[in-house]
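Protein sequence lines correspond, in order, to chains A and B. Per our numbering, residue 1 is the first one in the first sequence, and the count goes up by one each step. Per our numbering, residue 1 is the first one in the second sequence, and the count goes up by one each step. Idealized CB from N, CA, C, for every residue including glycine. The structure presented is a predicted model; accordingly, all values stated were derived computationally and were not measured. Please read the structure below before turning to the comments.
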Amino acid sequence: MPDKKYVTIFLEGRRIRVPEGYTVIEALWDTGHDIKRGVGCLSGLCGACAVAYLEPGGKRVKFGLGCQTIVKEKMDITVMPFFPSRMAKYDISNMEKPIDKLLEIYPELNMCKSCGFCSVACPEWINVSKVMSYLKDGRYEEATEMMFDCILCGLCASRCPRGIAPQIISLFVQRAIEKDRPVPENLRNRLKEIEDLKDEEIWGNILKMDEKSLKDFCEKVRKESD
Amino acid sequence: MYSKELLEQIFIVENTRESRFNRKIPSLSGEKKNFLLETFHPDFKASAFRTLRVGVNRGDGTVHEIADLLEAFSIFDYRDIDFEIPEAETDVLVLGGGGAGITAALFAESAGAKVVLATKLRLGNSNTIMALGGMQASVGEEDSPVKHFTDTVVAGQFKGKKELVKVMVSDGPQIVKWLMDLGVNFDRDEKGNLLTKMAGGSSVARILSIGDYTGLNIVKILKDEIRNRENIDIFEFSPVVELTTSEFGECNGAVIFDLERKQFFLIKAKAVILATGGSGRLHIQGFQTSNNFGATGDAIVLAYRAGAKLEGLDSFQYHPTGIVYPDHMVGVLVTEAIRSLGAHLVNSKGKRFINELETRDVVSAAMIKECEEGRGIVAPSGRVGVWLDTPVITEKRGKGFLREKFPALYRMFRRIKIDIENQPLLVYPTLHYQNGGILIDEKGETTVKNLFVAGEAAGGIHGRNRLMGNSLLDIFVFGRRAGLSAARRKFNEPGKQTLNHVDKYYKELKNLRITTVAKTPRIFQEFIVVK
Chain A
1 MPDKKYVTIF
11 LEGRRIRVPE
21 GYTVIEALWD
31 TGHDIKRGVG
41 CLSGLCGACA
51 VAYLEPGGKR
61 VKFGLGCQTI
71 VKEKMDITVM
81 PFFPSRMAKY
91 DISNMEKPID
101 KLLEIYPELN
111 MCKSCGFCSV
121 ACPEWINVSK
131 VMSYLKDGRY
141 EEATEMMFDC
151 ILCGLCASRC
161 PRGIAPQIIS
171 LFVQRAIEKD
181 RPVPENLRNR
191 LKEIEDLKDE
201 EIWGNILKMD
211 EKSLKDFCEK
221 VRKESD
Chain B
1 MYSKELLEQI
11 FIVENTRESR
21 FNRKIPSLSG
31 EKKNFLLETF
41 HPDFKASAFR
51 TLRVGVNRGD
61 GTVHEIADLL
71 EAFSIFDYRD
81 IDFEIPEAET
91 DVLVLGGGGA
101 GITAALFAES
111 AGAKVVLATK
121 LRLGNSNTIM
131 ALGGMQASVG
141 EEDSPVKHFT
151 DTVVAGQFKG
161 KKELVKVMVS
171 DGPQIVKWLM
181 DLGVNFDRDE
191 KGNLLTKMAG
201 GSSVARILSI
211 GDYTGLNIVK
221 ILKDEIRNRE
231 NIDIFEFSPV
241 VELTTSEFGE
251 CNGAVIFDLE
261 RKQFFLIKAK
271 AVILATGGSG
281 RLHIQGFQTS
291 NNFGATGDAI
301 VLAYRAGAKL
311 EGLDSFQYHP
321 TGIVYPDHMV
331 GVLVTEAIRS
341 LGAHLVNSKG
351 KRFINELETR
361 DVVSAAMIKE
371 CEEGRGIVAP
381 SGRVGVWLDT
391 PVITEKRGKG
401 FLREKFPALY
411 RMFRRIKIDI
421 ENQPLLVYPT
431 LHYQNGGILI
441 DEKGETTVKN
451 LFVAGEAAGG
461 IHGRNRLMGN
471 SLLDIFVFGR
481 RAGLSAARRK
491 FNEPGKQTLN
501 HVDKYYKELK
511 NLRITTVAKT
521 PRIFQEFIVV
531 K
């Protein structure tokens, strides 16, 4: 093994030394920091480990996920596990056409001036600012599709000079437009079949089968599908 | 970016790609499959197992990591807790804030119960969000719940409980409807039908998805919904450390640990739902894991001390394609959908060695065989793996296909300058799922009265191997069932909360002269950075 190389980083202003190649989370653990908030899936999916950092010589603060960001020499880092975002109260199951209520529920949407600060912060590389303009223009499908990858880390909300939470607003839209779509035919047919107890007799037989006859039965059914 | 040595190895993959292109590898016969499993699957490695000496399952075999978990004392001293005055009283106490826990809480609340949900991490931080590929539910025209049943029991080597599998597959379409009513937007085809995709071990295309971020998008919506419910109280960063029982041995609440204030508190409930997930972070047999930071098998030890029977804890799922390189992504999964679309598994000689659409246990065993017999590829860290040749898909479907269909995966590797459209990925079987768990019935109830279990912690459904997409279904099906059944107990008289079951369990340990420094539940695994 070659000698381990080390880098010096600043964690919330405090200097620590960690081996090269560690992620921010690994660096924290390696130096004995007992962090529970700010850790989750360790695969860049849960959005719990948002971090902000300044690189040496860098002019502006950058953002990322602690489990995916590799530390570099003289990096200045802070962990941002939480940022308050306004969540409206609504009962979407009992709403007639929820998408029409968007501006009633989240009037702050119209305060967005497309400054683009949110897009710069997104660790998932979503153009959040564009999503917001789509939402304002009523292009809900396109906006929703762009937000599929959102992991609710809240970094966009933390950057918004107007205190808007794009990740929360788009979540309402995602739900609302689905409510507008018709029930898929294949699902409706299957539910009808189940309601009519179509397979009831087969189920009765299956539950009575011993292992041998169950094996034969399974083989037969699975062959039919080939 | 790949190291120089690995780039040389990739050269072999590129050179053999064309010759592999049209060769079909037939499915293995039953006999050959069994031989492969018995020789190379970790579930058959006798030295990794031992027999349990205490509790309901005394005499059953399980892996050392689980046995260590069960044959241990609690880390905490509960003498400070005032058992007369609980911090909160509720109808239903849900432990765990992943897909199963949130679903259970939602249904219990809908049925008129007051609910408290306590979870170790942030609400929603769970393995559910990492279920990228999709969810099985028999909605296709060619499909039926019976077909889904047969695929599930065959994959589980006929060890799953028929009654539980039946319930899971029959509730499937209804669960899909429920999710859609909450606004979950599953992918659809041109006709507006639900889009179904193929999975390994399935006879019909049955996987429903939302891009390659299925679990995440469902959890986001469930989280939005649960925050809108009046009668659900949520405690984050509050893992459960012990269950409480009444003088009759029925479950009636739990001891919770507040991670932020380092304090215990007691919650009294008429019924308890354990949904704290699996045990991947125990790194069973030293395997890398795809699991969330909090998946330390807490549910099984708590339920076991309370007297619940466990089922099938000698069987774990190793997902074939967990990342081996680079180091900080070790254990991150590449969805099975990639193999469904035709990506090859390739050894260091540039050869395929297994039909990629066999069930997960068989593919994993075949990969371990390649690596143990010296046909693996060694990463700079010393870890060994085989190639998952994703550019095959690019050749078949054209440039931009992977980028469009798997944006999450594409971006994840793009960050570290690996382009999955043009470069293969180094993968190795990764500890993914606890096939067994706490035995439940169709209501989701355990052998301890008023103790329900849902999600990965539950056992008896998947037998010895789980189909892709069945866990995402099972958490909602059994979450719903547990939630509804638990809510019906709201007129129970819970009685006094005690830890009598723990005392009894300790006595048993001491009588057997079991002394150990291991303390459980683990809550968090002491993390060791291996590089």
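Taking the Cα of B/Phe257 as reference, the smallest distance to any Cα among B/Phe401, B/Leu266, B/Met180 is reached at B/Leu266.
In this structure, DSSP gives B/Tyr428 an extended state, which the three-state scheme calls strand.
The DSSP assignment places 14-19, 50-54, 62-65, 76-79 as complete runs of the beta strand (DSSP E) inside the stretch 13-82 of chain A, in order along the chain (cut-off: 3 residues).
Rounded to the nearest whole angstrom, the C-alpha separation of B/Gly307 and B/Pro239 is 20 Å.
Taking CB atoms only, A/Val128 has no neighbour in chain B less than 8 Å away. When Cβ-Cβ separations below 8 Å define contact, A/Ser85 makes no contact with chain B.
Nearest CB-CB separation between A/Leu171 and chain B: below the 8 Å threshold. For the stretch 51-65 of chain A, no residue has a beta-carbon sitting nearer than 7 Å to a beta-carbon of chain B.
When C-beta distances to chain A are compared with 7 Å, the residues of the stretch 204-232 of chain B below that value are Val204, Ile210, Gly211, Tyr213, Leu216, Asn217, Lys220, Ile221, Asp224, Arg227, Asn228, in chain order. Closest in C-alpha terms to B/Lys220, from the list A/Phe172, A/Glu211, A/Val131, comes A/Phe172.
B/Val240 has B/Ile256 as its beta-bridge partners, per DSSP.
Around the Cβ of A/Pro84, a 10 Å sphere holds fewer than 16 other Cβ atoms; the residue is exposed. Counting only Cβ-Cβ distances below 8 Å, A/Ala48 has contacts in chain B at Leu121, Arg122, Asn125, in chain order. Against chain A, the CB of B/Phe158 has a partner CB under 8 Å away; the residue lies at that interface. Note that the C-beta distance between A/Val79 and A/Cys49 is below 8 Å. With a threshold of 16 other beta carbon atoms within 10 Å, B/Ala46 falls short and is exposed. Nearest to B/Thr214 by alpha-carbon distance, out of A/Ile151, A/Cys122, A/Leu191, A/Glu200, is A/Ile151. In the structure shown, B/Met1 falls within a coil segment according to DSSP collapsed to helix, strand and coil. Residue contact check for B/Gly140 against chain A: a CB pair falls below 8 Å. Closer than 8 Å at the C-beta level to chain A, one finds these residues of the stretch 397-413 of chain B: Pro407, Ala408, Arg411, Met412.
Taken atom to atom, the span from the alpha-carbon of B/Arg339 to that of B/Ser170 is near 28 Å. Here A/Trp29 is buried. Its C-beta has 16 or more other C-beta atoms within 10 Å. With fewer than 16 other Cβ atoms from the protein chains shown falling within 10 Å of its own Cβ, A/Trp125 counts as exposed. For the 8 Å CB-CB criterion, B/Lys405 and B/Asp212 form a contact. Shown here, B/Gln288 sits in coil according to DSSP, grouped into three states, outside any helix or strand. Restricting attention to A/Leu54, A/Pro98, A/Cys122, A/Gly138, the CA atom closest to the CA of A/Leu109 is found in A/Gly138. By the Cβ test, the stretch 356-368 of chain B is in contact with the stretch 314-331 of chain B, since at least three Cβ pairs between them sit closer than 8 Å.
Just so you know, the alpha carbons of B/Phe287 and B/Val324 end up roughly 11 Å apart. Straight-line spacing of the CA atoms in B/Ile438 and A/Val131 works out to 44 Å. Contact check for B/Asn228 against A/Tyr90 passes: the beta carbons are separated by less than 8 Å. Close CB contacts of A/Ile16 within its chain, under the 8 Å cut and outside five residues either way in sequence, are with Thr8, Ile9, Phe10, Ala27, Thr31 (chain order). Burial check for A/Tyr6: the Cβ neighbour count within 10 Å stays below 16, so the residue is exposed. Separation of the CB atoms of B/Leu341 and A/Leu45 is rounded to 21 Å, and the pair is thereby denied contact status at 8 Å. Taken in chain order, the complete beta strand (DSSP E) segments of 3 residues or longer contained in the stretch 320-393 of chain B are 344-346, 384-389. A/Lys179 has its alpha-carbon roughly 8 Å from the corresponding atom of A/Lys97. The CB of B/Phe237 comes closer than 7 Å to the CB of Lys36, Arg37 in chain A, given here in chain order.
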